[in-house]
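For the sequence shown, the positions run 1 to 466 when full-length UniProt numbering is used.
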Amino acid sequence: GDIALAEWLLSNGASWPIETRGRRVVHDIAVQGRLDVLKWLADKGQVKGTAGMVLLAAENGHLQVVRWLLDLDAGGYYQSKLTGLGAEAGLAIHIAAVNGHLEIAKYLRARAQTPQNALQRTAETVEQKVQIRQLKQLGEPTTAIVVSANTLVEAGRNGHSDVVRWLYLEYYGDRKFGMIGSGSESQQIPTETAVMDAAAVHGHLKVLVLIQALAIASAVSTRKRLRDGTNKDENRQCTAAAMDGAASNGHLEVVKWLHESRAEGCTKHAMDGAATGGHLEVLKWLQQHRLEGCSATAMDGAARNGHLDVIKWLHTNTTAGCTTKAMDDAATYGYLDVVKWLHSNLDEGCTVAAMDGAASNGYWDIVKWLHRNRTEGCTTSAMDNAARHGHLLIVQWLHSRGLKGTNAAINSAAAEGNFEMFLFLHSQCQIECTRETMLSTSPSQAPEIHTWISKNYPAILTLDQE
Numbered sequence: 001g002d003i004a005l006a007e008w009l010l011s012n013g014a015s016w017p018i019e020t021r022g023r024r025v026v027h028d029i030a031v032q033g034r035l036d037v038l039k040w041l042a043d044k045g046q047v048k049g050t051a052g053m054v055l056l057a058a059e060n061g062h063l064q065v066v067r068w069l070l071d072l073d074a075g076g077y078y079q080s081k082l083t084g085l086g087a088e089a090g091l092a093i094h095i096a097a098v099n100g101h102l103e104i105a106k107y108l109r110a111r112a113q114t115p116q117n118a119l120q121r122t123a124e125t126v127e128q129k130v131q132i133r134q135l136k137q138l139g140e141p142t143t144a145i146v147v148s149a150n151t152l153v154e155a156g157r158n159g160h161s162d163v164v165r166w167l168y169l170e171y172y173g174d175r176k177f178g179m180i181g182s183g184s185e186s187q188q189i190p191t192e193t194a195v196m197d198a199a200a201v202h203g204h205l206k207v208l209v210l211i212q213a214l215a216i217a218s219a220v221s222t223r224k225r226l227r228d229g230t231n232k233d234e235n236r237q238c239t240a241a242a243m244d245g246a247a248s249n250g251h252l253e254v255v256k257w258l259h260e261s262r263a264e265g266c267t268k269h270a271m272d273g274a275a276t277g278g279h280l281e282v283l284k285w286l287q288q289h290r291l292e293g294c295s296a297t298a299m300d301g302a303a304r305n306g307h308l309d310v311i312k313w314l315h316t317n318t319t320a321g322c323t324t325k326a327m328d329d330a331a332t333y334g335y336l337d338v339v340k341w342l343h344s345n346l347d348e349g350c351t352v353a354a355m356d357g358a359a360s361n362g363y364w365d366i367v368k369w370l371h372r373n374r375t376e377g378c379t380t381s382a383m384d385n386a387a388r389h390g391h392l393l394i395v396q397w398l399h400s401r402g403l404k405g406t407n408a409a410i411n412s413a414a415a416e417g418n419f420e421m422f423l424f425l426h427s428q429c430q431i432e433c434t435r436e437t438m439l440s441t442s443p444s445q446a447p448e449i450h451t452w453i454s455k456n457y458p459a460i461l462t463l464d465q466e
């Protein structure tokens with residue numbers, strides 16, 4: 001973006017970069033919002049077509065760049081017709097809206113041509129498909145998306161209440177905004193439901209309050225939608241997934257509002273999810289104000305994520321208990337304090353998955369503790385996966401206790417180029433090399449191992465060459 005330097009380079013014989021198809025320098029300048037640089041490039045004749053630039057400027061919130069590009073197009077500078085039916089201006093509204101750039105979305109809506117009859121709507125749809133196909137040729141996933149109920153849902157999920165209000169009032173007369181989902185009508189849900197559920201899961205209370213108020217207050221729109229069959233009382237509902245998701249993500253204020261303002265309630269997933277996420281205050285509130293309770297998934301999930309305070313609270317205040325997954329997962333993910341507490345206070349115990357998982361992830365202290373205090377032991381997966389992930393001390397310790405691995409251990413050591421691990425497995429664990437071991441490595445990736453196998457297993461090398 002240094003114009004002075006660029007001018008100096010040009011004056012000293014520098015050449016413009018060779019243009020190629022796909023994303024170019026002007027696209028990066030649009031992302032940065034450097035209107036001054038774009039104008040300079042245009043004066044130098046280097047803005048050769050604007051496809052994709054409006055989308056990028058809109059996505060990144062650069063209103064002045066969007067204005068300039070559309071004005072440039074309207075002035076006949078290029079023949080891209082950015083504001084025509086189904087063209088890029090209309091396709092950029094979605095990405096501006098879901099990123100919270102309300103003024104850009106409004107501006108694009110005002111500038112983009114809208115169909116006035118069925119014939120124009122068909123023409124718009126055809127052109128949108130053409131535009132999207134062409135924009136994909138820029139070499140990156142295109143953000144060109146037709147505004148739909150999904151736009152409203154994404155804006156709500158992202159917490160852009162001002163955008164949600166505008167989309168609702170601006171577009172909701174369109175039948176395609178009434179329901180969302182693919183498949184038959186029975187598989188679809190009202191858009192308000194999808195927005196409220198998404199907003200609740202992500203903790204956007206302001207969006208929840210807004211959608212409920214808009215749906216209730218839109219008496220005229222409601223009557224219209226009742227006439228054309230796109231609105232029913234259930235459009236004003238969320239589902240139990242709203243409170244379940246809000247609780248799972250720790251959004252206590254949203255949980256409280258749903259409890260006080262809605263009738264859909266929640267399921268056991270609310271407490272299960274809150275426990276898994278370590279949201280103790282949410283758990284306490286649900287226990288006090290709701291009747292759904294929780295399942296063993298609550299303590300299992302809390303153990304998997306190391307939330308010992310939650311585990312203790314669940315043990316004292318609920319009767320759901322846990323399963324062997326609690327200790328298995330706590331061991332696998334390195335929470336020794338949880339493993340010890342479960343061992344001392346509950347009878348569910350664990351399975352071989354506990355030591356297998358701890359060994360695989362390199363938690364040597366847990367492997368040793370389980371060996372001393374539990375009787376389940378492990379399987380060959382312990383050494384195999386410890387070797388795969390480079391945990392030599394654990395492999396050596398397992399071997400010293402008479403525990404074994406399989407050819408998978410030496411094959412993965414070869415594949416990773418871990419010569420020290422490879423030699424230990426072969427010399428101490430007596431794991432032989434096979435043709436698969438040779439195929440796991442190559443002279444360029446692991447020259448030491450490849451040379452060693454060639455020297456010590458010539459028959460394998462000969463077989464491989466055949």
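We put the beta carbon where it would ideally sit given N, CA and C, even for glycine.
Note that the coordinates shown come from a computational prediction; the quantities given were computed from them, not determined experimentally.
Selection from Gly-277, Lys-206, Phe-424 that minimises the alpha carbon distance to Leu-258: By one-based count along the sequence shown, residue 258 stands at place 258. Ranking Gly-277, Lys-206, Phe-424 by Cα distance to Leu-258 puts Lys-206 first.
Could you check how far apart the C-beta atoms of Glu-376 and Val-395 are, in whole angstroms? I think they sit under 8 Å. Your numbering for residue 376 matches position 376 in the sequence shown. Your numbering for residue 395 matches position 395 in the sequence shown. Actually they do not touch by this definition, with Cβ atoms about 20 Å apart.
Alpha carbon to alpha carbon, how far is Pro-447 from Val-25? The residue labelled residue 447 in the question sits at position 447 within the sequence shown. The residue labelled residue 25 in the question sits at position 25 within the sequence shown. Going from the Cα of Pro-447 to the Cα of Val-25 covers about 42 Å.
With DSSP as the reference, label Pro-443 as helix, strand or coil. Taking the first residue of the sequence shown as 1, we reach residue 443 at position 443. The answer is coil: DSSP assigns Pro-443 none of H, G, I, E or B.
His-371, enclosing alpha helix (DSSP H) - first and last residue: Start at 1 with the first residue of the sequence shown, and residue 371 comes out as number 371. 364 to 373 is the extent of the alpha helix (DSSP H) around His-371.
Does the structure place the segment 132 to 140 close enough to the segment 106 to 114 that three or more beta carbon pairs sit under 8 Å? no
Cβ shell of Trp-40 (< 6 Å), same chain only, five flanking positions each side left out: Indexing the sequence shown from 1 puts residue 40 at position 40. Contacts found: Ile-3.
Nearest-angstrom Cα separation, counted from Asp-347 out to Asn-158: Mapped onto the sequence shown, residue 158 falls at position 158. Mapped onto the sequence shown, residue 347 falls at position 347. Their Cα atoms are separated by approximately 44 Å.
For the segment 105 to 162, which segments carrying the beta strand (DSSP E) assignment without a break, of at least 3 residues, lie completely within its bounds, in sequence order? none
Taking the alpha-carbon positions, what's the Gln-79 to Gly-61 distance? As a first step, residue 79 must be located in the sequence shown, where it is residue number 79. As a first step, residue 61 must be located in the sequence shown, where it is residue number 61. Low confidence applies here, because Gln-79 scores a pLDDT of 48, under 50, leaving its location unreliable and the question unanswered by this model.
Spatial distance of Ala-415 from Thr-451 (CA atoms): As a position in the sequence shown, residue 415 is number 415, starting the count at 1. As a position in the sequence shown, residue 451 is number 451, starting the count at 1. C-alpha separation (whole angstroms): 14 Å.
Straight-line gap, His-251 to Met-271 (C-alpha atoms, nearest Å): To locate residue 251, count along the sequence shown from 1; it is residue 251. To locate residue 271, count along the sequence shown from 1; it is residue 271. Answer to the nearest angstrom: the Cα atoms are 12 Å apart.
Classify Ile-189 as helix, strand or coil using the three-state DSSP reduction. Here residue 189 refers to the residue found at position 189 when the sequence shown is read from its first residue. Strand at Ile-189.
With H, G and I counted as helix, E and B as strand and the rest as coil, what does DSSP make of Val-47? Numbered from 1 along the sequence shown, position 47 holds the residue referred to as residue 47. Residue state, collapsed to three classes: coil.
Taking C-alpha atoms, which residue in Asn-317, Gln-288, Gly-334, Leu-283 lies nearest to Asn-305? If you number the sequence shown from 1, residue 305 lands on position 305. Closest by alpha carbon: Gly-334.
Cβ-based neighbour list, His-315, same chain, cut-off 7 Å, excluding 5 preceding and 5 following: In the sequence shown, residue 315 corresponds to position 315, counting from 1. Result list for His-315: Asn-345, in chain order.
Nearest-angstrom beta carbon gap, Thr-276 and Ser-248 [assumed within contact, 8 Å]: Position 248 of the sequence shown, counted from the start, is the residue given in the question as residue 248. Position 276 of the sequence shown, counted from the start, is the residue given in the question as residue 276. Confirmed, about 7 Å.
Closest residue to Ala-51 among Asp-73, Leu-35, Ser-11 (Cα-Cα distance): Translated into the one-based positions of the sequence shown, residue 51 becomes position 51. The option with the nearest alpha carbon to Ala-51 is Asp-73.
Given this structure, state the Cα-to-Cα distance separating Ala-320 from Ala-241, to the nearest angstrom. For the purposes of this step, residue 320 is identified with residue 320 of the sequence shown, where counting begins at 1. For the purposes of this step, residue 241 is identified with residue 241 of the sequence shown, where counting begins at 1. Their backbone Cα atoms lie some 21 Å apart in a straight line.
I think His-94 touches Gly-156, with their Cβ atoms under 8 Å apart; what is that distance to the nearest whole Å? Here residue 94 is taken as the residue at index 94 of the sequence shown, counted from 1. Here residue 156 is taken as the residue at index 156 of the sequence shown, counted from 1. Not quite, the Cβ-Cβ distance comes to about 14 Å (not below 8 Å), so this is no contact.
When you compare the CB positions of Gly-100 and Gln-128, do they come within less than 7 Å of one another, or not? By one-based count along the sequence shown, residue 100 stands at place 100. By one-based count along the sequence shown, residue 128 stands at place 128. Taking 7 Å as the Cβ cut-off, Gly-100 and Gln-128 do not qualify as a contacting pair.
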